[in-house]
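Here is the structure we will look at, set down as structure tokens.
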Amino acid sequence: MAGTETNIALKLLNINRLGYPHGVCQDGDEFRKQYNVTYTRRACQHHCEQSMIMDQCDCYNEQGGEIVQMAMNSHLNVCRSESDLGCMLRIQRQFERGSVPCGCENPCNEKDYVKTVSMRHWPADAYTPVLVETLCGHRDARECDKYRQADTRTIAHSFVKLNIFYEDLNYENITEVEDYELPQFASDVGGTVGLWLGLSVLSGFEVVQFLMELATYLLSFSCCHNNCQLHRQARRRVRNKESSRKLSDAFGTERWECSRTRQQPHGSWSSRQ
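Structural data, given as structure tokens:
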């Protein structure tokens, strides 16, 4: 803008993105080989738009930038007829609506410059004579006389001052890393298992000791159960023998008493005879 001084401060920003399987990004090698241009998402979308215009409209947009050189080499005409302009506008509207898939992802490694713009009125009225004398040292006498005869406002509207500089010599680096790496996952799982189950080296020995004691108890219980059954069977056999002996003794006594009882009535009857 005439009569102003514009200051543009730049700061370098490096962005490193992770690719598959953590994210989606383009390395840009194929794009550089094909167009000889550094890959950016905006450059990819621009070339996609211009390539579609060339393919569908059989012409090229003369404001297409670097791709114009490719169009000129392919012997295509500039989009100037009514039908060509209509076709070009239709494709541009599709890109504005985002209905054209170009597959332009963010680059994996990107360098961007963050800009800070400031403006002020320039030159000041007190600085105008100094500016004119400085110009007279590099211009001829006729041009110098023209500036000396002009007023301050005319001189101010004849110049623009632009300053582009680095805001800081440092730069900002943004790097994507895995949020949850495999060693961290294994550490968290081990800590959780150790917390809730108490699995440690000492606990492992305690588990082994518990299994050994359990096996010993089961074996002793089995042996005791078998011994108890044998003891019961022996006692049962002893009882059976004693019962059999008592029965045999009782049966023999009863027979003897029965025979004696039978003989006594016969003797008494003969004596009465």
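Using full-length UniProt numbering, the first residue of the sequence shown is number 1, and each one after it goes up by one. We treat Cβ as the ideally placed atom computed from N, Cα and C, and that holds for glycine.
Val37 and Gly3 have their C-alpha atoms spaced approximately 36 Å apart. In summary, Ile164 is exposed, with fewer than 16 beta-carbon neighbours lying within 10 Å of its beta-carbon over all protein chains present. Restricting attention to alpha helix (DSSP H) runs no shorter than 4 residues, the region 150-223 encloses them at 152-156, 182-197, ordered along the chain. Glu49 sits buried, since 16 or more C-beta atoms from the chains shown fall within 10 Å of its C-beta.
The three-state secondary structure of Leu12, taken from DSSP, is strand. Taking a C-beta distance under 9 Å as the contact criterion, Glu105 and Arg41 qualify as a contact pair.
Within the region 70-147, the runs of alpha helix (DSSP H) at least 4 residues long that lie entirely inside it are, in chain order, 82-97, 128-136. Between Leu12 and Glu172, the C-beta spacing is below 9 Å. Three or more Cβ pairs closer than 8 Å define a contact, and the region 54-62 meets that threshold against the region 73-83.
Bridge pairing for Cys59: Asn77 [DSSP]. Tyr166 counts as exposed, since fewer than 16 other C-beta atoms from the protein chains shown sit within 10 angstroms of its C-beta. C-alpha of Cys44 to C-alpha of Leu85: approximately 22 Å in a straight line. Note on geometry: alpha-carbon atoms of Gln26 and Val208 lie some 55 Å from one another. Boundaries of the alpha helix (DSSP H) harbouring Asp29: 29-35, taken from the DSSP string. The beta carbon of Cys87 sits closer than 6 Å to the beta carbons of Cys57 from its chain, once the five residues preceding and following it are set aside; these are given in chain order.
Distance between His157 and Cys108, taken at the CA atoms: about 45 Å. A distance below 8 Å between beta-carbons, with the five flanking residues on each side excluded, links Met1 to the following residues of its chain, in chain order: Met119, Val160. Pairing Tyr39 with Gly28 gives a Cβ-Cβ distance under 9 Å. Each residue's CA atom was taken as its position, placing Arg139 and Asn7 some 26 Å apart. As computed with DSSP, Gln26 is found in a beta bridge with Pro107. The Cβ-Cβ distance between Asp125 and Thr152 falls below 9 Å.
Taking Leu219 as the centre and dropping the five residues before and after it, the same chain places no C-beta closer than 8 Å to its C-beta.
Distances from the alpha-carbon of Leu131 to those of Tyr113, Lys115, Val24, Ala150 put Ala150 closest.
Restricting attention to Arg32, Phe95, Phe221, Val114, the CA atom closest to the CA of Asn170 is found in Val114.
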